[in-house]
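*Asks:* Mapping to my numbering: the sequence shown position 95 is 95, numbers consecutive. Where is the CB? At the ideal position from N, CA and C, for every residue including glycine. Keep in mind it's a predicted model, so treat the numbers as computed, not measured. Dropping the structure in here first, questions after.
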Amino acid sequence: MVGEIKKILVANRGVPAVRIMHTCRDRRIPTVAVYSTPDRLAHHVFMADEAVHIGEAPPVESYLNMENMVKTALQTGADAIHPGWGFLAENDRFAQMVMDSGLTWIGPAPESISLMGDKIKAKKIAMRANVPTIPGIEKVKDIREIKRWMDREDIDFPVMIKASAGGGGKGMIKVSSEDELLTAFSQAKSEAKKAFGDDTVLAEKYIERGRHIEVQIVADDYGNIVHLYERECTIQRRNQKIIEEAPSPTLDENLRNEICITAVRLMREIGYRSAGTVEFIFDSNTRKFYFLEVNTRLQVEHGITELITGLDIVSIMIDIAMGRPLPFKQPDIRPNRWALEVRLNAEDPKSFSPSFGTITRLQIPHGPNVRVSSGVNEGDDIPPYYDSLFMLLMTAGANREDAIRVMDRALGRSLRVEGVKTLQPLLLSIIRHPKFRSGEFSTRFIEEHLKELVSAFKDKDSEDEVLKIARYVAEISALGPQEWM
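Next comes the structure, spelled out in structure tokens:
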């Protein structure tokens, strides 16, 4: 039993840092923010009870600097560290360093992070736990091994080559023909080395009409493992999610129970504790699901699970870190709403290239059934050094149609961001698309419909507002004072 946590250092920035600080405020737990030089005026810095400069702009000098993180926690009197998501969240060495320093690590055991961080080891454990896995080949040395495996197992193109370490869509290349194999293999190894420092890759059968479904798990130190049901994260660009929803429109009740129980079985096999997510790929054609990976951290999209269950997953993580048992059992979890999340990234919605600069205007959506998790304020800079996500926009409703309707209001009428380009037009175009509204989509949805989606954009910028004002002034000048003035 760790006992009460008195002060938490949040080893992150932006959206995840602010999210964790909200729960800490609810629980009256003081927080310490860390910031790099370009983040000195960032939203998370002002939200924390105290803030410490951690290093220069490059992440390796600041948000990935493990020694500085631990030293700052000790110097400020923090007794625990929450890593959020990204940066050091799935670094087993950092988790161990935090614990070795006498601090409380708010997350899963370092052994679990290490075990699930290697896709090859994770797949073997999944097979041991009788969890369905995608046919594949591990530790591929050259493309001849891939060809022999495809012949032996009677696998057709396309196949997927992916990095054994890490995640987030990095080091993942789809190969559609034998001609692309050599280039894709080299690219996957290169990306894996650059992103994770490990160029080990594996090859798997590509699920053509795949849907991405994940199950949220929470587990304590006393063998209690509870699933908080599933999320659908199928709408992606470049293998990275941009729209998520809970529950999944893909599953019927039998499949829902099967996939959730399977996720619990796997986490029990690992001996997991804290919050974590088991990801699956669902084959729409065969109605079968296969294990993808375990995310040993808080997921970006955890908020929609909170909306449908009424729980605070960050607060649960803190309780588990303090040695408390889960305050509920599986039958107590009864989702009763539908929730949707879109990721607002500072990117060109047509090309997905990053858009950096100053947010000159920010109007945040309000109203019934809207939840915003923002990492910025108006006037803040979007620096070029970090992830382009600056806001999560979530909506809820009694059913899917309601949640989509509220999202349409929030994205189409209430949200205004100027100074940087964002994915807002694309997201609005997607949620208005008939195929999305009817639940007919796969991970290739954006790829297949991009031209159609872009053609639906309504171009609108600050010049529209200037023209409105100019027209108003011109009318008054021409017509003179009006009765209503």
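(1) Pick from Asn257, Arg371, Ala321, Thr286: whose alpha carbon is nearest that of Val218?
(2) Report the option in Ala73, Phe87, Leu298, Ala165 whose CA atom is closest to the CA atom of Ile20.
(3) Return the first residue and the last residue of the beta strand (DSSP E) that Thr395 is part of.
(4) Tell me, which residues are paired with Lys7 by DSSP?
(5) According to DSSP, what are the bridge partners of Asp312?
(6) Within the continuous beta strand (DSSP E) that includes Ser373, where are the two ends?
(7) So, for Lys193: in the same chain, excluding its five sequence neighbours on each side, which residues have a beta-carbon less than 6 angstroms away from its beta-carbon?
(8) Which residues bound the alpha helix (DSSP H) around Val294?
(9) For the beta strand (DSSP E) containing Leu202, name the first residue and the last one.
(10) Which same chain residues end up closer than 8 angstroms to Ile155 when comparing Cβ atoms and leaving out the 5 residues on each side of it in sequence?
(11) Alpha carbon to alpha carbon, what distance is there between Arg256 and Asn130?
(12) What separation, rounded to the nearest whole angstrom, lies between the Cα atoms of Arg371 and Ser429?
(13) For a test of the three-state rule: what should DSSP assign to Arg19, helix, strand or coil?
(14) Is Asp252 buried or exposed, if buried means 16 or more other CB atoms sit within 10 Å of its CB?
(15) Would you kindly check if the distance between the Cβ of Phe46 and the Cβ of Thr234 is under 7 angstroms?
(16) Taking the straight line between their C-alpha atoms, what separation do you get for Met116 and Lys458?
(17) What residue range is occupied by the uninterrupted alpha helix (DSSP H) comprising Phe280?
(18) What does the Cβ neighbour count give for Asp387, buried or exposed, with the cut at 16 atoms within 10 Å?
(19) Need the endpoints of the alpha helix (DSSP H) that Trp149 sits in, please.
(20) Looking only at its own chain, which residues have a Cβ that is under 6 angstroms from the Cβ of Asp283, when we skip the five neighbours before and after it?
(21) Are at least three pairs of beta-carbons, each pair with one atom in the segment 448–457 and one in the segment 257–274, less than 8 angstroms apart?
(22) Return helix, strand or coil for His433, following the three-state DSSP convention.
(23) Bridge partners of His227, per DSSP?
(24) Is DSSP giving Thr31 helix, strand or coil here?
(25) Starting from Lys350, follow the alpha helix (DSSP H) in both directions and report where the run begins and ends.
(26) Assign Lys119 to buried or exposed, taking buried as 16 or more other Cβ atoms, counted over all protein chains shown, within 10 Å of its Cβ.
(27) Going along the chain, which residues of its own chain have a beta-carbon closer than 7 angstroms to the beta-carbon of Val264, five neighbours each way excluded?
(28) Considering only residues of the same chain and omitting the five flanking positions on each side of Glu50, which have a CB-CB separation below 7 angstroms?
(29) Among Lys174, Gly210, His212, which has the Cα closest to the Cα of Val201?
(30) On the three-state DSSP scale, how would you describe His44?
(31) For the candidate residues Tyr222, Tyr290, Ile364, Val420, whose alpha-carbon lies nearest to that of Met407?
(32) Is Gly210 helix, strand or coil by DSSP?
(33) By the DSSP assignment, the beta strand (DSSP E) with Arg361 in it spans what residues?
(34) Can you list, in chain order, the residues of its chain with a C-beta nearer than 7 angstroms to that of Gly55? Leave out the 5 residues immediately preceding and following it.
(35) May I have the straight-line CA-CA distance separating Ala11 from Val34, to the nearest angstrom?
(36) Among Tyr229, Asp39, Asp220, which residue has its Cα nearest to the Cα of Ala246?
*Replies:* Taking the structure as given:
(1) With respect to the C-alpha of Val218, the residue from Asn257, Arg371, Ala321, Thr286 having the closest C-alpha is Ala321.
(2) Distances from the CA of Ile20 to each of Ala73, Phe87, Leu298, Ala165 were compared; the closest alpha carbon is that of Leu298.
(3) 389–397
(4) Partner(s): none; Lys7 has no beta bridge.
(5) Note: Asp312 sits in no beta bridge, so no partner.
(6) 370–374
(7) Cβ contact annotation for Lys193 (same chain, cutoff 6 angstroms, sequence separation greater than five): Asp199, in chain order.
(8) That residue, Val294, is in no alpha helix (DSSP H); its beta strand (DSSP E) goes 288–295.
(9) 201–205
(10) Pro135, Trp149, Lys205
(11) The alpha-carbon atoms of Asn130 and Arg256 are separated by roughly 17 angstroms.
(12) Cα-Cα distance, rounded: 20 angstroms.
(13) helix
(14) Of the residues assessed, Asp252 falls on the exposed side of the cut-off, its CB having fewer than 16 other CB atoms within 10 angstroms.
(15) no
(16) 43 angstroms
(17) That residue, Phe280, is in no alpha helix (DSSP H); its beta strand (DSSP E) goes 274–283.
(18) buried
(19) 143–153
(20) Excluding residues within five positions, the ones whose Cβ falls inside 6 angstroms are Ile207.
(21) no
(22) coil
(23) Ile217
(24) strand
(25) Premise fails: Lys350 is in no alpha helix (DSSP H) and is neither H nor E.
(26) Buried: at least 16 other Cβ atoms inside 10 Å.
(27) Ile217, Ile225, His227
(28) Val32, Thr76
(29) Lys174
(30) When secondary structure is reduced to three states using DSSP, His44 falls in the helix class.
(31) Ile364
(32) strand
(33) Looking at the DSSP string, the run of the beta strand (DSSP E) that includes Arg361 is 361–363.
(34) Exclusion of the five residues before and after Gly55 leaves Ser36, Glu61, Ser62, Asn65, Asn68 as the residues of its chain whose Cβ lies within less than 7 angstroms of its Cβ.
(35) 7 angstroms
(36) Tyr229
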